[in-house]
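Mapping of the sequence shown onto our numbering: residues 51 to 246, in sequence order.
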Amino acid sequence: MEREEYCWNCGSVLESGANYCSACGAEVGRDDRAGGESESGGRTDEWGTNDYGADDYGSDDYGADDYGTDDYGSGSYEQAGYGSDGYDAPGYKTRRNDTSFAAVTHLLAIFTWLIGPLIVLVVTEDEFVDANARMAVNWQIMFTIYMLLSLMLVIVGVGILGLIILPILDIAFCVVAAVKANDGEVWQYPLTPEIV
């Protein structure tokens, strides 16, 4: 009768003649189980067999009596959530106050036009706030160009529509960018090339 052999990595029963564990994919070469020298130089006579390890290892009564039961441990420990408060967005190491400051930068543009985001761009040393301030400055420059074009087109009669729609778009875009910045993202304004 052939002895059952177990995976050195996960402990699963190996199929007869298997070179890899079907459960975890670990390599379990035949030479490691033949009782010869392993690559590290140690003997492998019992490795991966029932004879290896404690006699009762893997049995139901192995380990602490209450291990695996519902009342094991005090229950006062909770698993931490995914991510951390310190690093939200990929590519930028942002803290919560940085995302808030970046969001305020976009909202400043509604009330101060180009001045607020430009001051933030010059003053800030944080990469995330800097990237958001650049987006806000670029949008305010393009917004000004679009407004001037609409003002010139008022003579033709088409520009009045731009003078009505553009301020609404400015507010909407700044709010969307502020929400995205608060979530840790740098949002590219539509129809806005990188100028600064």
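Think of the CB as a built atom: it goes at the ideal place given N, C-alpha and C, for glycine as much as any other residue.
The structure presented is a predicted model; accordingly, all values stated were derived computationally and were not measured.
Residue span of the alpha helix (DSSP H) that contains residue i, given as start and end
{"i": "Ser150", "result": "146-162"}
{"i": "Gly207", "result": "No alpha helix (DSSP H) holds Gly207; DSSP gives it neither H nor E."}
{"i": "Leu171", "result": "165-173"}
Neighbourhood of residue i by C-beta, 6 Å cutoff - its chain only, sequence neighbours within 5 removed
{"i": "Asp220", "result": "Phe193"}
{"i": "Gly61", "result": "none"}
{"i": "Phe151", "result": "Val179"}
{"i": "Leu213", "result": "Ser200"}
Cβ-based neighbour list, residue i, same chain, cut-off 8 Å, excluding 5 preceding and 5 following
{"i": "Pro167", "result": "Thr155, His156, Leu158, Ala159, Ala183, Ala186, Val187, Gln190"}
{"i": "Val246", "result": "Leu171, Arg184, Val187, Asn188, Ile191"}
{"i": "Ala68", "result": "Val78"}
{"i": "Glu244", "result": "Arg184, Asn188"}
{"i": "Thr162", "result": "none"}
Per DSSP, cross-strand counterpart(s) of residue i
{"i": "Val63", "result": "Tyr56"}
{"i": "Glu77", "result": "Tyr70"}
Neighbourhood of residue i by C-beta distance below 7 Å, restricted to the same chain and skipping five residues each side
{"i": "Ala228", "result": "Ala153, His156, Leu157"}
{"i": "Met202", "result": "Gly209"}
Distance, residue j Cα to residue i Cα
{"i": "Ala181", "j": "Ala73", "result": "46 Å"}
{"i": "Tyr239", "j": "Phe223", "result": "7 Å"}
{"i": "Val236", "j": "Ser66", "result": "55 Å"}
{"i": "Val173", "j": "Val179", "result": "10 Å"}
{"i": "Asn59", "j": "Val78", "result": "9 Å"}
{"i": "Thr242", "j": "Ile205", "result": "26 Å"}
{"i": "Glu89", "j": "Val63", "result": "Only weak support is given to the placement of Glu89: the predicted model assigns it a pLDDT of 48, under 50, and the value that follows is read from those uncertain coordinates. Each residue's alpha carbon lies about 23 Å from the other."}
{"i": "Val225", "j": "Tyr70", "result": "55 Å"}
{"i": "Gly92", "j": "Gly234", "result": "Note that Gly92 has pLDDT 43, beneath the 50 cutoff, so the model's placement of it is unreliable and the number below is only indicative. Looking at the two C-alpha atoms, the distance is approximately 52 Å."}
{"i": "Thr149", "j": "Leu216", "result": "26 Å"}
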